[in-house]
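S.K.:
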């Protein structure tokens, strides 16, 4: 990917970086309620069988496996002088994307079969609307600037905004839901309002960003060939595997938090649940600044940061499971420290989309930016699906009943397994995968130089 305009490597204003970050903040509100509240909403409010819920999450990712790269390919070929290549998608899908949030939580009064059908239809609509906004959004960062370090700088602002959005979900939503005597009405009002808020954030991103880099598009390469090129891209693949593992860990950790607080810590307090969930979001606000500081001053390589951070994230979350007498302060503290280490990779992960695209362009003479973006989003959502499915199936295996007044020792272990041990295993898998990533800053700069010297930006036009 090479700039063909004079402004492609200019320093971006704080306003543009901030507003670009608002788009991802909107996406993280979606991700936040999916991780933290959707599972317990489905089992305890909408009364879905946990196994049915787990199957829903897996089936939806089969759809994503096709839709995400397809949306990426189509967005690469979009031509809109008024709205831009990627910004056009953000503009047109902002409203369906926001509305899908409210529809998901309407909770109509249906029988068992009707509830299953409604859950499947509304959740699939949500993930498709989410993809149509987010796949082009991920590609947009490469069109905003051709400078790898500038993209890291964008992400250093973007990801703290993500965690502020996460904080909205983790700290505020439990309290807002607790204001309603009727749980169904609470979810309708709170989640519907979040959907409208997401629309506003997405439109602010659209109106305050500019596409400066002309992304080369190879219309002669078929979709199937692009997929084959993607699977040859070893650097993209190791990032995908790591992202799947990290997102599985986070989905398990935050999805099981409500069950762990309610049944292991034994409190119905919205404050305690909010504090546990907020520990992760607050940690995520600081982590990007720490990462940016370490990387910009060359205190650690990208690969070492990704590997060691995930190993330490595993250590601190598994500590919780070693204590039979669970103290809320211990849980909050360990979640906070584990999340700090986990989120150290946040500004690297999504910035690698453009770097892996350059890697493919230089090595295979084909630009597949949209496919790589779609692949990263698919990896993110697949990780969430695996985490959600595991959560549902494990709950079903241990015979979880939301109406039960007491639980056996095995069932209590189930909540610890989902909240502590399984996420730790996922973090270790991520560390192993990241060990094979080698696109450090100097390598990326050299690739950009070679692409420019070989005029590869024009071969696909």
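Residue numbers (this note's numbering): 165 to 625. Even glycine gets a Cβ: it sits at the ideal position worked out from N, Cα and C.
Considering just the uninterrupted stretch of the alpha helix (DSSP H) at residue 468, what are its terminal residues?
M.R.: Counting from 1 along the chain shown, the entry for residue 468 is found at position 304. Run containing residue 468: 466 to 483, per the alpha helix (DSSP H) assignment.
S.K.: Between 604, 592, 576, 362, which lies nearest to residue 257 when the distance is taken from Cα to Cα?
M.R.: Here residue 257 corresponds to residue number 93 of the chain shown, with the count starting at 1. The shortest C-alpha separation from residue 257 is found at 362.
S.K.: Distance, Cα to Cα, residue 261 vs residue 505?
M.R.: What you label residue 261 is simply residue 97 of the chain shown in a count that begins at 1. What you label residue 505 is simply residue 341 of the chain shown in a count that begins at 1. Distance between the alpha carbons of residue 261 and residue 505 is about 31 Å.
S.K.: Quick check on DSSP: helix, strand or coil for residue 310?
M.R.: Counting from one through the chain shown, the residue named residue 310 turns up at place 146. The answer is coil: DSSP assigns residue 310 none of H, G, I, E or B.
S.K.: Would you mind stating whether residue 452 and residue 511 have Cβ atoms separated by less than 7 Å?
M.R.: Counted from its first residue, the chain shown places residue 452 at position 288. Counted from its first residue, the chain shown places residue 511 at position 347. Yes; because the gap between Cβ atoms is below 7 Å, this pair is in contact.
S.K.: Give the list of continuous alpha helix (DSSP H) stretches no shorter than 4 residues that lie fully inside the stretch 185 to 250.
M.R.: With a minimum length of 4 residues, the continuous alpha helix (DSSP H) runs that stay inside the stretch 185 to 250 are 214 to 240.
S.K.: So which of 575, 460, 401 has the shortest CA-CA distance to residue 543?
M.R.: As a working note, residue 543 is residue 379 in the chain shown. Among 575, 460, 401, the Cα nearest to that of residue 543 belongs to 401.
S.K.: Applying the 10 Å Cβ sphere with the 16-neighbour rule, what's the burial state of residue 404?
M.R.: Numbered from 1 along the chain shown, position 240 holds the residue referred to as residue 404. Result: buried.
S.K.: In chain order, what residues of the same chain have a beta carbon less than 6 Å from the beta carbon of residue 548, not counting five sequence neighbours either side?
M.R.: Taking the chain shown and counting its residues from 1, one reaches residue 548 at position 384. Answer for residue 548: 411, 415, listed in chain order.
S.K.: Since residue 492 is in the alpha helix (DSSP H), which residue starts that stretch and which ends it?
M.R.: Translated into the one-based positions of the chain shown, residue 492 becomes position 328. Start and end: 492 to 507.
S.K.: Could you name the residues of the same chain whose beta carbon sits closer than 6 Å to that of residue 368, not counting the 5 residues immediately before and after it, in chain order?
M.R.: Position 204 of the chain shown holds residue 368. Cβ within range, chain order: 183, 186.
S.K.: From residue 562 to residue 588, what does the alpha carbon distance come to, in whole angstroms?
M.R.: Residue mapping note: residue 562 aligns to position 398 of the chain shown, counting from 1. Residue mapping note: residue 588 aligns to position 424 of the chain shown, counting from 1. Approximately 20 Å between the Cα atoms of the pair.
S.K.: One question on the structure: do residue 217 and residue 418 come within less than 7 Å of each other, judged by their Cβ atoms?
M.R.: On the chain shown, position 53 is the one that residue 217 refers to. On the chain shown, position 254 is the one that residue 418 refers to. In this structure, residue 418 does not lie closer than 7 Å to residue 217 by Cβ.
S.K.: Distance cutoff 7 Å, beta carbons only. Does residue 617 sit that close to anything in chain D?
M.R.: Looking at the structure shown, chain D is missing, and only one protein chain is on hand.
S.K.: On the premise that residue 498 lies in contact with residue 509, defined as a C-beta separation below 8 Å, what is that separation, rounded to the nearest angstrom?
M.R.: Residue mapping note: residue 509 aligns to position 345 of the chain shown, counting from 1. Residue mapping note: residue 498 aligns to position 334 of the chain shown, counting from 1. Actually they are not in contact, since the Cβ atoms of residue 509 and residue 498 sit about 19 Å apart, beyond 8 Å.
S.K.: Going by CA-CA distance only, name the one from 612, 211, 603 that's closest to residue 272.
M.R.: Translated into positions along the chain shown, residue 272 becomes position 108. For the residues 612, 211, 603, the minimum Cα distance to residue 272 belongs to 211.
S.K.: Residue 439 lies in the alpha helix (DSSP H); which residues open and close that run?
M.R.: Within the chain shown, the letter at position 275 stands for residue 439. 434 to 460 is the extent of the alpha helix (DSSP H) around residue 439.
S.K.: What whole-angstrom Cβ distance do residue 202 and residue 265 have, given they're in contact under 8 Å?
M.R.: In the chain shown, counting from the first residue as 1, residue 202 sits at position 38. In the chain shown, counting from the first residue as 1, residue 265 sits at position 101. Actually they are not in contact, since the Cβ atoms of residue 202 and residue 265 sit about 11 Å apart, beyond 8 Å.
S.K.: Quick one: Cα of residue 301 to Cα of residue 250, how far?
M.R.: For the purposes of this step, residue 301 is taken as residue 137 along the chain shown, with counting starting at 1. For the purposes of this step, residue 250 is taken as residue 86 along the chain shown, with counting starting at 1. Each residue's alpha carbon lies about 7 Å from the other.
S.K.: Please report the distance separating the alpha-carbon of residue 221 from that of residue 296.
M.R.: The count along the chain shown starts at 1 and reaches residue 221 at position 57. The count along the chain shown starts at 1 and reaches residue 296 at position 132. Approximately 18 Å, taken between the alpha carbons.
S.K.: Roughly how many angstroms separate the alpha carbons of residue 473 and residue 581, rounded to a whole number?
M.R.: As a working mapping, residue 473 is identified with position 309 in the chain shown. As a working mapping, residue 581 is identified with position 417 in the chain shown. If you take the alpha carbons of residue 473 and residue 581, they lie about 21 Å apart.
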